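Below: one structure, written as structure tokens.
Number of protein chains: 2
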Amino acid sequence: MGDLVTITPAEHTALARLEERERKVRRGATLQRANDRVGELFILRKGTMMSSVLLDDGSRQILRFQFPGDMMGLTSLVYREAPETITALSDSVVCPFERSALSEILSAHPRLAALMMVYGQIERAALTDRLAAIGRTSAKARVAAILIDMRNRLRMLDKHIGNSFMLGLTQEEIGDATGLTAVHVNRMLRQIEEEGLIARENGRVTFLDEGGLMRAANYADRYEGLDLSWLPAAR
Amino acid sequence: MGDLVTITPAEHTALARLEERERKVRRGATLQRANDRVGELFILRKGTMMSSVLLDDGSRQILRFQFPGDMMGLTSLVYREAPETITALSDSVVCPFERSALSEILSAHPRLAALMMVYGQIERAALTDRLAAIGRTSAKARVAAILIDMRNRLRMLDKHIGNSFMLGLTQEEIGDATGLTAVHVNRMLRQIEEEGLIARENGRVTFLDEGGLMRAANYADRYEGLDLSWLPAAR
DNA sequence: CGTCAAATTGAAAATTATCAACGAGAGTGG
DNA sequence: CCACTCTCGTTGATAATTTTCAATTTGACG
């Protein structure tokens, strides 16, 4: 949250209480399973994770990728049973906390409540972009969009990531995020590569023509263009 | 919000301040256009509206349908420029209010802040269901899902809506919501009808086999199964 | 060296889009 | 009251995109 506004010491203390405990999650392990009874929320401290739903024909839709600093499992604010599965994409560390802890923060720190609504809306915008991409753009555009999105989000964590990065997703995972089959993802990656937009070498992707890639993907960065002047004063 | 918890008089007064002004919006008129500079939020008082994005090849993706009581334009909490367009599906009445008004409520009424997060998460769940449907289910399933969703949401407003209701969407709008063409929507509606799941007569849809329809659609009702026991006390 | 997940490739099939046309019904101006 | 126009729904034929199935290859790792 410190990226958006300057956090006061009192707010910092309150947020730190959410991260008192730690739990390790191995790559592939499940933190929360859909339809399980749940109550805990999490902050991702290290690693990357994803939230997904499993349809009853066995296919999977990945809803969102999570990076360090993200809150996860916010839906258990609302539902008795989790609607989403949360899985580790790489070995990760999470900080579990109780709903009541969040409740106390909302009461004591209105500005943090507002900031959480802000994050909720950023996430909403990201989800709606994905929705529009899956509903209305070609397979190639969707794959390109995932590449750009992953690069941008990784770069938020590590400022000196440039045009080259470890993707950290299998082609099957890209397919589950974009609503395509792994086979078709493979063909689209190859096509994007043949057009000279990217280069690939075992998991590392390099953007050769970022402008062309953005145009192919119809991409909008939802972490830009923010206006937070309306936030209440810190308490 | 009164559907979820009992609102105290003080909370009621605070919320009523959001609805002091009224504005009429004719069917087809645009309340907020994507990429316009915006600052206002809205509560929908009467009618139905939709939020959508327009891609630059001219195609449209409908993100969400709005019904009376819904807050709209929450993204202007965050962005200088609106990412979504909000349009009236029928003649409607909205109540515009300022971001600062919301800010004051968050500070003065923590339980309302929490309830707004709850609504945000319900909306998120609805969006992710749509995402999974568009990404991973057949055209027929997506159309069936829209039918069920519209019926359920209309029934929340009017308890004695049963198996028959006015859909209030053109086939083109159904297509833009499901990521299909209007032509294909037509064929899917016909097919669902021929299978005896629904009947249609100029805009009115009647469910003949609700169980079959739910199975065809892979449907989950996100307004059920809530657990709000963690909410802070009313102030 | 053997094994296993992941990537790659080709061919055929299924789904969905595109194009083009027509019909029904609502509103509108003469 | 009668063209006239417009939107919406409907239908058929064809094309494009994406999936499915079935191998095969590659690379990491014990």
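Residue numbers (the numbering used here), protein chains in the order written: chain A, 684 to 918; chain B, 684 to 918. Every residue gets a Cβ at the ideal spot worked out from N, C-alpha and C, and that includes glycine. Quantities reported herein were computed from a predicted structural model and do not represent experimental measurements.
Asked: In the DSSP output, which residue or residues are listed as bridge partners for Ser775 of chain B?; Found: B:Val708
Asked: Mind listing which residues of the region 790-802 of chain A have their C-beta closer than 7 Å to chain B's C-betas, in chain order?; Found: Ser790, Pro793, Ala796, Ala797, Met799, Met800, Val801
Asked: Grab the span of the beta strand (DSSP E) containing Lys729 of chain B for me, first residue to last.; Found: 723-729
Asked: With DSSP run on the structure shown, which of helix, strand or coil describes Tyr802 of chain A?; Found: helix
Asked: Taking 8 Å as the CB-CB cut-off, is Arg728 of chain A touching chain B?; Found: no
Asked: Counting only Cβ pairs nearer than 9 Å, list the residues of chain B close to Tyr906 of chain A.; Found: Simply none; closest approach about 10 Å.
Asked: Looking at the C-beta of Ala865 of chain B, does it have a partner C-beta in chain A at a distance below 8 Å?; Found: no
Asked: Can you tell me the Cα-Cα spacing of Pro793 of chain B and Met684 of chain A, whole angstroms?; Found: 20 Å
Asked: Note down the Cα distance separating Val721 of chain A from Thr758 of chain A, rounded to an integer number of angstroms.; Found: 10 Å
Asked: Rounded to the nearest angstrom, what separates Ala771 of chain B and Ala784 of chain A at their Cα positions?; Found: 40 Å
Asked: Evaluate the contact criterion for the region 880-892 of chain B versus the region 896-906 of chain A: three or more CB pairs, one atom per stretch, below 8 Å.; Found: no
Asked: What is the DSSP secondary structure of Ala900 of chain A, reduced to helix, strand or coil?; Found: helix
Asked: Strictly by DSSP, which residues pair up with Ala882 of chain B?; Found: B:Thr889
Asked: Identify every residue that forms a DSSP beta bridge with Thr853 of chain A.; Found: Answer is none; Thr853 of chain A lacks a bridge partner.
Asked: Below 8 Å CB to CB, which residues in the same chain sit around Glu856 of chain B once its five sequence neighbours on both sides are set aside?; Found: Met733, Ile745, Leu772
Asked: Rounded to the nearest angstrom, how far is the Cβ of Tyr906 of chain B from that of Met800 of chain B, given a contact under 8 Å?; Found: Their Cβ separation, rounded to whole angstroms, is 16 Å, which puts Tyr906 of chain B and Met800 of chain B out of contact at 8 Å.
Asked: Specify, as a first and last residue, the run of the alpha helix (DSSP H) that Leu840 of chain B falls within.; Found: 822-840
Asked: Are there 16 or more other CB atoms within 10 angstroms of the CB of Val866 of chain A, so buried, or fewer, so exposed?; Found: exposed
Asked: Which chain B residues sit within Cβ distance under 8 Å of Ile817 of chain A?; Found: Leu814, Ile817, Gly818, Gly862
Asked: According to DSSP, is Leu789 of chain A part of a helix, a strand, or is it coil?; Found: helix
Asked: Please list, in chain order, the chain B residues whose beta carbon lies closer than 8 Å to that of Ala717 of chain A.; Found: None at all; the shortest Cβ gap to chain B is about 10 Å.
Asked: Could you tell me if Thr696 of chain B is buried or exposed, where buried requires 16 or more neighbouring beta carbons within 10 angstroms of its beta carbon?; Found: exposed
Asked: Output the distance between the C-alpha atoms of Ala822 of chain B and Arg710 of chain A, rounded to the nearest integer angstrom.; Found: 34 Å
Asked: Take the Cβ of Ala879 of chain A as the centre, count every other Cβ of all protein chains shown within 10 Å, and call the residue buried at 16 or more, exposed below.; Found: The question names Ala, yet the displayed sequence has Gly at residue 879 of chain A. With fewer than 16 Cβ atoms within 10 Å of its Cβ, Gly879 of chain A is classed as exposed.
Asked: Hey, does Val826 of chain B have any beta-carbon neighbour from chain A nearer than 8 Å?; Found: no
Asked: Would DSSP call Ile844 of chain B helix, strand or coil?; Found: coil
Asked: Can you check whether the CB of Cys778 of chain B is closer than 8 Å to the CB of Arg716 of chain B?; Found: no
Asked: If you reduce the DSSP assignment to three classes, tell me which class Val736 of chain B lands in.; Found: strand
Asked: Here's a check: name, in chain order, each residue in its chain whose Cβ is nearer than 7 Å to the Cβ of Asp904 of chain B, leaving out the five neighbours to either side.; Found: Asn835
Asked: Comparing alpha-carbon positions, which option in B:Val688, B:Ile690, B:Glu787, B:Arg743 lies nearest Leu701 of chain B?; Found: B:Glu787
Asked: Would you verify that the beta carbon of Gln749 of chain B is, or is not, closer than 8 Å to some beta carbon of chain A?; Found: no
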